[in-house]
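Chemist: Sharing a structure with you now.
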């Protein structure tokens, strides 16, 4: 399984799509296996994930972080996000 | 037909049977069958969005389309008027408003003609024909006369609309004829009609299905939106059926393949995603979004050459897309083409100087190629942007150490420890700095922290620069720890 930054970066993008996260105002930085997600977090409407609810939002972020961390080659995941309306 | 296509067809049939008007039902999944009324869910979400963001014209426009599709013309008219109140130049909403008037039969004669200018996209030109066709239909004339002499006459779209108008006029015999011709012109059209189970054997069923759709190119947006809602809720069959409806009301093979790829990506079907994106590019080689999406799919599978090719074409088609340059930079780096990688990353930054990912990777590249002073300068610029992750600070600290700027290295690494105390490499390199400064006890403590946090010991030689003070692959000295 490839673990170069380009492959990790692409996998993170796939993951964002699968979580229906809007990527317009989100920056994905991948350098030396460390993935940093920064910017505004917004999900596509209509999927039952209400990010305005703090508990659900926290659960969602834990899952997102775990999914990114599970990508082969990822050394660390840093989330620096703020909630945004879709 | 491939196994994939067969599976798609089967699920599409199931989705189609469920019907749009009453909402759709997915295949049973365990004890509780998951049921979602797509249009109802769309209405809920759009109402919520429009209430939260009163200037969201798109939400109003989509609500207008949703009402149109349900035959609620007065409500539709109101939504389109609100969308136009927010954004008076919103062309789709103005077409939607005309459509609401047309379907109510309230469009004044003096507003009869829509003329799309020669620069208008194909949808608008087609809308002008459809507009005329609806007016002819209301006057009891042959709606198909509206297409005579236009570039769309005889096209797949023409035959879909001809079938729909035949259904609306009760000419059931002609429905199958037009759909068959459309099928001869387009394999996608043929597949979709077959997947919906539309055959001449039951012309009345066919007529009812066609009457249930909103026949305007504008409706592509609605059906695609519903498709995303279904996919987002895990309803693959319903999503595919909704995207098929989008194709029927305005056939665009490239767009349909992109929609199918979207479903495949959402459901983690990587091979199918590549297959559909390749088809989308085959149908429209100039579509940048398809190129980028295919580039990502190949890259995710480690197919660097194929990914490079797609991103290179995308860069030619859209020279101002910074993220395409960034991806090319990463791919070139992986291939050891450092000068080209640096060129692409700097190009991305020239397009968007605040583009953090490109600058971060540039720092990494500069470190890897031994340009320590430049790396440090670029790193400082990132920190001035308010970004300081532990990994960046460690890399800069290592770089400072490489330049014998021990105090600067210490400052950066201590900052890294504050930013991410659990990031094990921070403590390893802090140990290196303390050793350089002759602070043996502090070095021991730092390395103990490193060993406590690291999953397993490994030489920290990744990222280009060898660990300062020891050769590549060398273990931090064991003696001081004990």
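Chains as they are written, first to last, in the numbering used here: chain A, 193 to 278; chain B, 5 to 486.
A virtual CB, placed ideally from N, CA and C, is assigned to each residue, including glycine.
As the structure is a prediction and not an experimental result, all values here were calculated from the model.
#1: By DSSP's criteria, residue 231(A) is part of a beta bridge. Which residues make up the other side?
#2: To the nearest angstrom, how far is the alpha carbon of residue 309(B) from that of residue 296(B)?
#3: Can you give me the start and stop residues for the alpha helix (DSSP H) that residue 317(B) sits inside?
#4: Looking at chain A, which residues of the segment 304-319 of chain B have a Cβ within less than 8 Å of any of its Cβ atoms?
#5: Using Cβ-Cβ distances below 8 Å, what residues of the segment 322-350 of chain B are close to chain A?
#6: Establish whether the CB of residue 196(A) and some CB of chain B are separated by less than 8 Å.
#7: Can you tell me whether residue 435(B) is buried or exposed? The criterion is at least 16 other CB atoms within 10 Å of its CB, across all chains shown.
#8: Take the Cβ of residue 250(A) as the centre, count every other Cβ of all protein chains shown within 10 Å, and call the residue buried at 16 or more, exposed below.
#9: Is there contact between the segment 189-203 of chain B and the segment 223-242 of chain B, where contact requires at least three CB pairs shorter than 8 Å?
#10: Looking at chain B, is there any beta carbon in it that lies within less than 8 Å of the beta carbon of residue 245(A)?
#11: Which residues in the same chain have their Cβ closer than 6 Å to the Cβ of residue 90(B), if we skip the five residues on either side of it in sequence?
#12: Beta carbons nearer than 9 Å to chain A: which residues of the segment 123-138 of chain B have them?
#13: Please name the residue, chosen from 219(B), 133(B), 255(B) and 224(B), that lies closest to residue 2(B) on a Cα-to-Cα basis.
#14: Between the segment 214-230 of chain A and chain B, which residues of the former have a C-beta closer than 8 Å to a C-beta of the latter?
#15: Measure from the C-beta of residue 155(B) to each C-beta in chain A and report whether the shortest distance is under 8 Å.
#16: Cα separation between residue 244(A) and residue 254(A)?
#17: Residues of chain B with CB under 8 Å from residue 270(A), in chain order?
#18: Starting from residue 300(B), find everything on chain A with Cβ-Cβ shorter than 8 Å and list it in chain order.
#19: List, in order along the chain, the chain A residues whose C-beta lies closer than 7 Å to that of residue 227(B)?
#20: Residue ranges of each alpha helix (DSSP H) run of no fewer than 4 residues wholly in the segment 190-246 of chain B, ordered along the chain?
#21: Should residue 275(A) go down as buried or exposed, given a rule of 16 or more other Cβ atoms within 10 Å for buried?
#22: For residue 351(B) and residue 129(B), what's the separation of their Cα atoms in angstroms?
#23: Evaluate residue 403(B) with the Cβ neighbour count: other Cβ atoms within 10 Å of its Cβ, from every protein chain shown; 16 or more gives buried, anything less gives exposed.
#24: Assuming residue 73(B) and residue 218(B) make a contact with CB atoms under 8 Å, what is their CB distance in whole Å?
#25: Report the neighbours of residue 250(B) on chain A: residues whose CB is nearer than 7 Å to its CB, in chain order.
#26: Would you mind listing the beta strand (DSSP E) stretches within the segment 359-383 of chain B that are 3+ residues and don't spill past its ends, in chain order?
#27: Going along the segment 254-280 of chain B in order, which residues come within less than 7 Å of chain A, judged by CB to CB distance?
#28: Any beta carbon of chain B sitting closer than 8 Å to that of residue 210(A)?
#29: Which value, in whole angstroms, describes the spacing of the CA atoms of residue 146(B) and residue 221(B)?
#30: Apply the 10 Å Cβ neighbour rule to residue 343(B) and answer buried if 16 or more other Cβ atoms are within range, or exposed otherwise.
#31: How many angstroms separate the CA atom of residue 391(B) from the CA atom of residue 421(B)?
#32: Thinking just about the alpha-carbon of each residue, which of 83(B), 388(B) and 281(B) is nearest to the one in residue 51(B)?
#33: Assign residue 43(B) to one of two classes, buried (16 or more other C-beta atoms within 10 Å of its C-beta) or exposed (fewer than that).
#34: Excluding the 5 residues preceding and the 5 following residue 457(B) in the sequence, name in chain order all residues of the same chain whose CB lies nearer than 7 Å to its CB.
#35: Using the rule of at least 16 other Cβ atoms within 10 Å of the residue's Cβ for burial, across every protein chain shown, is residue 348(B) buried or exposed?
#36: Using a beta-carbon distance below 8 Å, is residue 454(B) in contact with chain A?
Modeler: In short, the structure shows the following:
#1: In the first chain, the residue the question calls residue 231(A) occupies position 39. Paired residue(s): 218(A) and 273(A).
#2: Working through the second chain from its first residue, we reach residue 309(B) at position 305. Working through the second chain from its first residue, we reach residue 296(B) at position 292. In a straight line, the C-alpha of residue 309(B) is about 14 Å away from that of residue 296(B).
#3: Counting from one through the second chain, the residue named residue 317(B) turns up at place 313. Where residue 317(B) is concerned, the enclosing alpha helix (DSSP H) stretches over 308-321.
#4: Under the 8 Å Cβ criterion, the segment 304-319 of chain B contributes 304, 305, 306, 308 and 311.
#5: For the segment 322-350 of chain B, which is checked against every Cβ of chain A, the residues closer than 8 Å are 331, 334, 335, 337 and 338.
#6: Mapped onto the first chain, residue 196(A) falls at position 4. Yes, residue 196(A) lies at the interface with chain B (some Cβ there is under 8 Å from its Cβ).
#7: Taking the second chain and counting its residues from 1, one reaches residue 435(B) at position 431. Looking at its Cβ environment, which holds 16 or more other Cβ atoms inside 10 Å, residue 435(B) is buried.
#8: Position 58 of the first chain, counted from the first residue, corresponds to residue 250(A). By the neighbour-count rule (16 or more Cβ atoms within 10 Å), residue 250(A) is not buried but exposed.
#9: no
#10: Here the question's residue 245(A) lines up with position 53 in the first chain. No, because no Cβ of chain B sits closer than 8 Å to the Cβ of residue 245(A).
#11: Numbered from its first residue, the second chain carries residue 90(B) at position 86. Only 59 and 61 meet the Cβ criterion.
#12: none
#13: This structure leaves residue 2(B) out entirely; chain B is present only between 5 and 486.
#14: 219, 220, 221, 222, 223, 224, 225, 226, 228 and 230
#15: Along the second chain, read from residue 1 onward, the residue named residue 155(B) stands at position 151. No, residue 155(B) lies away from the interface with chain A (no Cβ there is under 8 Å from its Cβ).
#16: Numbered from its first residue, the first chain carries residue 244(A) at position 52. Numbered from its first residue, the first chain carries residue 254(A) at position 62. Their backbone Cα atoms lie some 15 Å apart in a straight line.
#17: Taking the first residue of the first chain as 1, we reach residue 270(A) at position 78. Residues of chain B passing the Cβ test: 393, 394, 395 and 424.
#18: Here residue 300(B) corresponds to residue number 296 of the second chain, with the count starting at 1. The answer, in chain order, is 202, 205 and 206.
#19: On the second chain, residue 227(B) is found 223 positions in, with the first residue counted as 1. What residue 227(B) touches in chain A: nothing, since even the nearest Cβ is about 14 Å away.
#20: As far as the segment 190-246 of chain B is concerned, its whole alpha helix (DSSP H) runs of at least 4 residues are 191-199, 207-215 and 223-236.
#21: Your numbering for residue 275(A) matches position 83 in the first chain. Flag for residue 275(A) reads exposed.
#22: The residue labelled residue 351(B) in the question sits at position 347 within the second chain. The residue labelled residue 129(B) in the question sits at position 125 within the second chain. Distance between the alpha carbons of residue 351(B) and residue 129(B): 38 Å.
#23: Taking the first residue of the second chain as position 1, residue 403(B) is located at position 399. Burial is judged here by how many other beta carbons sit within 10 angstroms of a residue's own beta carbon; residue 403(B) has at least 16 and is buried.
#24: Residue 73(B) sits at position 69 when you count from the first residue of the second chain. Residue 218(B) sits at position 214 when you count from the first residue of the second chain. With a contact defined as Cβ atoms closer than 8 Å, residue 73(B) and residue 218(B) qualify at about 4 Å.
#25: What you label residue 250(B) is simply residue 246 of the second chain in a count that begins at 1. None at all; the shortest Cβ gap to chain A is about 16 Å.
#26: none
#27: 269, 270 and 272
#28: Along the first chain, one-based indexing puts residue 210(A) at 18. By this cut-off, residue 210(A) is an interface position.
#29: Here residue 146(B) refers to the residue found at position 142 of the second chain. Here residue 221(B) refers to the residue found at position 217 of the second chain. Going by the C-alpha atoms only, they are around 20 Å apart.
#30: By 1-based counting over the second chain, the position of residue 343(B) is 339. Exposed, since its Cβ has fewer than 16 Cβ neighbours within 10 Å.
#31: Along the second chain, read from residue 1 onward, the residue named residue 391(B) stands at position 387. Along the second chain, read from residue 1 onward, the residue named residue 421(B) stands at position 417. Residue 391(B) and residue 421(B) have their C-alpha atoms some 15 Å from each other.
#32: Within the second chain, the letter at position 47 stands for residue 51(B). That would be 83(B), whose Cα lies nearest to the Cα of residue 51(B).
#33: Start at 1 with the first residue of the second chain, and residue 43(B) comes out as number 39. Looking at its Cβ environment, which holds 16 or more other Cβ atoms inside 10 Å, residue 43(B) is buried.
#34: Translated into positions along the second chain, residue 457(B) becomes position 453. So the qualifying residues of the chain are 426, 428 and 431.
#35: The residue given as residue 348(B) occupies position 344 in the second chain. It is buried - the Cβ of residue 348(B) has at least 16 other Cβ atoms within 10 Å.
#36: What you label residue 454(B) is simply residue 450 of the second chain in a count that begins at 1. No, residue 454(B) lies away from the interface with chain A (no Cβ there is under 8 Å from its Cβ).
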